[in-house]
Each structure stands twice: as structure tokens, then as C-alpha cells.
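The opening position of the sequence shown corresponds to residue 1044 in the working numbering, with each subsequent residue numbered one higher.
Glycine included, C-beta positions come from ideal geometry on N, C-alpha and C.
As the structure is a computational prediction, the values presented were derived from the model and not from experiment.
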Amino acid sequence: MRNYSKYFLFLGFALTLSAGGCGWAEPYVYAAGEFNRESSSFGKKLENRKKVSVCYNRGSATPRQVLELAQAECGKFQKVARFTGHERLKCPLFTPVTANFSCDKP
């Protein structure tokens, strides 16, 4: 008789992840230190933005979605988003790719 414990352990882990909503995540604006209560900017409204980082998963987000999100964020400050590059593993595991943009005056 085979030992199926590893199989059931893997299956249980996979089901837990999918049931827990840890599937494909939507792209979002990354805010480093967003929850750091000791930061001088904690709880204060952002008055200017020089750059924006968007975390996304290539399996669930299109380049257009990422750009639109960056444009919307820079647009809050009457600026336009200009792509500056990619990074990996700056964001959480399910959104491992970061698209970086500078927010420039039009």
C-alpha cells in the first residue's frame, strides 16, 4: 500500500490557498511603510507624488491595467506617469512584479 499522506497534504494546501482567496490578485499601488505607525507621514494625506510603484501579477494583469492605475495615481496630482522600469520581489508573493513610474508634470 502506498503512502498517500504527501499527496493529501499537498491537496489540502492547494485547496486552502484557493479557498482563502490567495489566487490571482488585482494590481495595486504599492505604498512602502504604509502601516508603519512610527513614520512621520503615517495617517497623513499625500500632498505630492514624485514616483509610483504598481504591484501586479503577469498572469492576471495587463500592461494597460498597470499603466492606467499609475496614470490615475499620478493624475491626482496633475501629473502624468512615465515608466522607469521593473523590479521583482519588492511586492508580496502573489503580486511579485513591480512596475515603477515617475510622476512628471505634463
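DSSP lists Val1140 as the bridge partner or partners of Arg1131. Lys1049 carries a helical assignment under DSSP once its states are collapsed to helix, strand and coil. Here Ala1142 is not near Val1072, since their CB atoms are 8 Å or more apart.
Buried is the label assigned to Glu1116, since at least 16 other Cβ atoms lie within 10 Å of its Cβ.
Contact annotation, Cys1146 with Arg1092: C-beta distance approximately 5 Å; criterion of less than 8 Å satisfied. Contact check for Leu1112 against Pro1139 fails: the beta carbons are separated by 8 Å or more. Taken atom to atom, the span from the alpha-carbon of Arg1125 to that of Lys1119 is near 15 Å.
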